[in-house]
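Everything in the sequence shown is counted per this note's numbering, starting at 31 for the first residue and increasing by one.
Just so you know, even glycine gets a beta-carbon here, dropped at the ideal spot from N, CA and C.
Here the structure is a predicted model, which is why all the values come from computation and not from measurement.
For reference, the structure discussed in these notes is given below.
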Amino acid sequence: MVEPIVPSRVLVVVAHPDDVDFGAAATVAGLVDDGAAVAYVVVTDGQRGGFDPSVPRERIGPTRREEQRAAARTVGVEDVTFLGFEDGTVVPGPSLHREVVRHVRRWRPDVVIAPSPERDWDRLAGAGHPDHLAVGEAVARALYPDVGNPFALPDLAAEGFAPHEVTQVWFIGAPRGRLGTDHVVDVTDRLERKLAAIACHASQLPDPEGVLARVRDWTAANARAAGLPEGRHAERFNVVAVVPPPEPDPPPAAPLRERAT
């Protein structure tokens, strides 16, 4: 059982613009309100997104970048980096690995928030997007061992990105109970900020009211599943320690009593 820490620095690494807002924006708002420094790394520009065929495809990426910056400001985040990988083709290979290591070392977080690398076989849509799984796997591979290994990617250290130890990763969208510790965050007081962040992604919302209603339903269902009172809303993560603390030594065995003669 891993007890979630209260982080002072958080890095969110996601595949597409809007991923963080659907998965974790209310939690991010709470972390920022509590004084944590939070930054986003978005792997692609979401070039395959959108719903309006009249919009030229070359406009989608730049539009989605601006939407993500606006959504980030809604929850108090100003540091947003786009890596520029092609939407729909992400793999946890060397190029992405290097960029994740670079930006974790740059931001030096206690906690990284990322999509789950494990597919939920209840459904393929949503969290099961191949780019989400690839980014989650890339983050897991980067956090152990290379982010903290002084002998890995020494050219990054030479550029000023020194090794760094991350304490925990919080995965979004993992199958319940399958990775680490389920961590449910009551976000009732920040739900409207989450919805406002999602609403910034207008290029992805043909039915904004319907989408926001479904988000309310999802967060209410998370709260009910966690046993929170009716009317509450929650976001859910699976918390995994990057390097678990050592197990305490077992107590010494009691000496055997001599058999009576």
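Distance check for A264 and D216, CA to CA, integer angstroms please.
4 Å
Roughly how many angstroms separate the alpha carbons of V40 and E239, rounded to a whole number?
When rounded, the separation of the alpha-carbon atoms in V40 and E239 is 30 Å.
As assigned by DSSP and simplified to three states, the class of A66:
coil
Could you check where the beta strand (DSSP E) with L113 kicks off and where it finishes?
D109 to F115
Spatial neighbours of A69 in its chain, beta-carbon cut-off 6 Å, leaving aside the 5 residues before and after:
L41, D109 and W137
Alpha helix (DSSP H) containing E97: first to last residue?
Element bounds for E97: R87 to T104.
Contact check, V131 vs A170, beta carbons under 8 Å
no
Suppose contacts are defined by Cβ-Cβ distances below 8 Å. Is V196 in contact with D161 by that definition?
no
Would you kindly report the start and end of the unbroken alpha helix (DSSP H) that includes H162?
From DSSP, the alpha helix (DSSP H) with H162 extends over P160 to L173.
Just tell me which of P193, A232 and K224 has its CA closest to the CA of V245.
K224
Under a three-way DSSP split, which group does D241 fall into?
Per the sequence presented here, residue 241 reads as Val, with Asp not at that position. The answer is helix: DSSP assigns V241 an H, G or I state.
Test item: CB-CB of V199 and V270 under 8 Å:
yes
Taking a contact to mean a Cβ-Cβ separation below 8 Å, would you say V73 touches V120 in this structure?
For V73 and V120, yes; Cβs fall inside 8 Å.
Would you identify the three-state DSSP class for F52, choosing helix, strand or coil?
Correct three-state label for F52: helix.
Other residues of its chain near R95: CB distance less than 7 Å, five sequence neighbours each side excluded:
Taken in chain order, the residues that qualify are P47, D75 and F112.
To the nearest angstrom, how far is the alpha carbon of N252 from that of L258?
Going by the C-alpha atoms only, they are around 9 Å apart.
State the beta-bridge partners of Q234 as determined by DSSP.
Beta-bridge pairing links Q234 to no other residue.
DSSP-derived helix/strand/coil call for T197:
coil
Rounded straight-line distance, which links the Cα of I202 to that of V272:
16 Å
Rounded separation between A187 and P193 - CA only
7 Å
Report yes if the CB atom of R262 is closer than 8 Å to the CB atom of G60, and no otherwise.
no
Helix, strand or coil for H46 per DSSP?
H46: coil per DSSP, three-state reduction.
List the whole-angstrom C-beta distance separating A232 from E88, where the pair is believed to meet the contact cut-off of C-beta under 8 Å.
That pair is no contact at about 18 Å.
Exposed unless 16 or more other CB atoms sit within 10 angstroms - verdict on I90
buried
Taking C-beta to C-beta, are V165 and V44 nearer than 8 Å?
yes
Rounded to whole angstroms, what is the Cα-Cα separation between V105 and A227?
7 Å
Taking the alpha-carbon positions, what's the Q234 to F181 distance?
CA-CA distance, Q234 to F181, rounds to 42 Å.
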